[in-house]
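Enquirer:
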Amino acid sequence: KVRNWMAERSLPYVVATCSALPLTQTGVTPGTTPITRADDLLSRVADGEWQRRSCGQGSKGQRFYDWALVGFGGNLHVSDERPADGFAHTLLIRRSISDPSEVTYFLAHARQPTPAAALIRIAGTRWKIEENNEQGKDLIGIDQAQVRTWTAWHHTITACMFAHAFLAAQRAGLHQDTVTSTEPGDTPTDGQDTSPGKAPTRRRPGRRAPTG
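Take any residue in the sequence shown, count from 1 to its spot, add 444: that is its number in the working numbering.
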């Protein structure tokens, strides 16, 4: 329902999907084995069609996977789903580098042509949502509510989202407490690294360094 709602409004998306997603291909040569689901395409991807790309920055560096994009030139279709005018469905297959048996599927609905790098980057934003959920649990107890009614749950989640946004804004503003300067005559604060190549910092006028 969500995918159809977005297609009706000509909105692009990239969403994770299951290996059993029902698919069909038009313009198939007679006698060719038809496609019925997403994992049928895995064995049809040639070795040279995989591309190793990062889908974003992680806690340990860039997150690299092997990716294959299958669209059959706009002839790939999802059963009972019609793409918007000028859009096409593309199946993204993500394979782990360390464990090739670990495969994940994504369905993209985007204008033609959309670069592969853009679709892969959008697929990678899923991790940001997971990171936000982890932060919500660790910082503001988003998982501590006793869910009894929809209204109570909605109030709790809304309050947690405001608290999370407040903390994020406060953290983003921390750098404003100091101003980096390379002007002659600036005096670095006590304990700073004044070795060559290090820019001294000075506090804003009116602010006092903490004591004790």
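Idealized CB from N, CA, C, for every residue including glycine. All values derive from a computational prediction rather than experimental measurement.
1) Starting from Phe610, follow the alpha helix (DSSP H) in both directions and report where the run begins and ends.
2) What separation, rounded to the nearest whole angstrom, lies between the Cα atoms of Val522 and Ala603?
3) Hey, is the stretch 476 to 483 in contact with the stretch 552 to 567, meaning 3+ C-beta pairs nearer than 8 Å?
4) Which residue wins for smallest C-alpha separation from Val489, given the options Tyr509, Val514 and Leu618?
5) Counting pairs of Cβ atoms below 8 Å between the stretch 607 to 614 and the stretch 578 to 598, do you hit three or more?
6) Taking C-alpha atoms, which residue in Thr548, Phe531, Asp524 and Val459 lies nearest to Ile537?
7) Go ahead and label His598 buried or exposed: buried means 16 or more other beta carbons lie within 10 angstroms of its beta carbon, across all protein chains shown.
8) Is the beta carbon of Ile586 sitting closer than 8 Å to the one on Ile573?
9) Alpha carbon to alpha carbon, how far is Ala589 from Ala612? Give it in angstroms, no decimals.
10) Measuring alpha carbon to alpha carbon, tell me which residue in Gln469, Thr470 and Thr480 is nearest Ser664.
11) For Gln556 and Gly518, which I take to be in contact (beta-carbon distance under 8 Å), what is that distance rounded to the nearest angstrom?
12) Given this structure, state the Cα-to-Cα distance separating Leu486 from Arg539, to the nearest angstrom.
13) By the three-class DSSP mapping on this structure, what secondary structure does Leu583 have?
14) Please list, in chain order, all residues of the same chain as Gly502 whose beta carbon is under 8 Å from its beta carbon, the five residues on each side excluded.
15) Tell me the residue span of the beta strand (DSSP E) that contains Leu563.
16) Under a three-way DSSP split, which group does Trp511 fall into?
17) Rounded to whole angstroms, what is the Cα-Cα separation between Ala560 and Ala512?
18) Quick one: Cα of Trp594 to Cα of Ile584, how far?
19) So what does DSSP say about Thr631, is it helix, strand or coil?
20) Near Glu525, which residues of its chain fall below 8 Å by C-beta distance, leaving aside the five closest residues on each side in sequence?
Expert: With the given structure in hand:
1) Trp594 to Ala616
2) 38 Å
3) no
4) Val514
5) yes
6) Thr548
7) exposed
8) no
9) 22 Å
10) As shown, the chain starts at 445 and ends at 656. That puts residue 664 outside it, with no answer to give.
11) 6 Å
12) 10 Å
13) helix
14) Trp571
15) Segment Ala560 to Gly568 is the alpha helix (DSSP H) holding Leu563; no beta strand (DSSP E) there.
16) strand
17) 9 Å
18) 20 Å
19) Residue confidence for Thr631 is low, a pLDDT of 48 falling below 50, so the modelled location carries little weight and cannot support an answer.
20) Arg447, Asn448, Ala451 and His533
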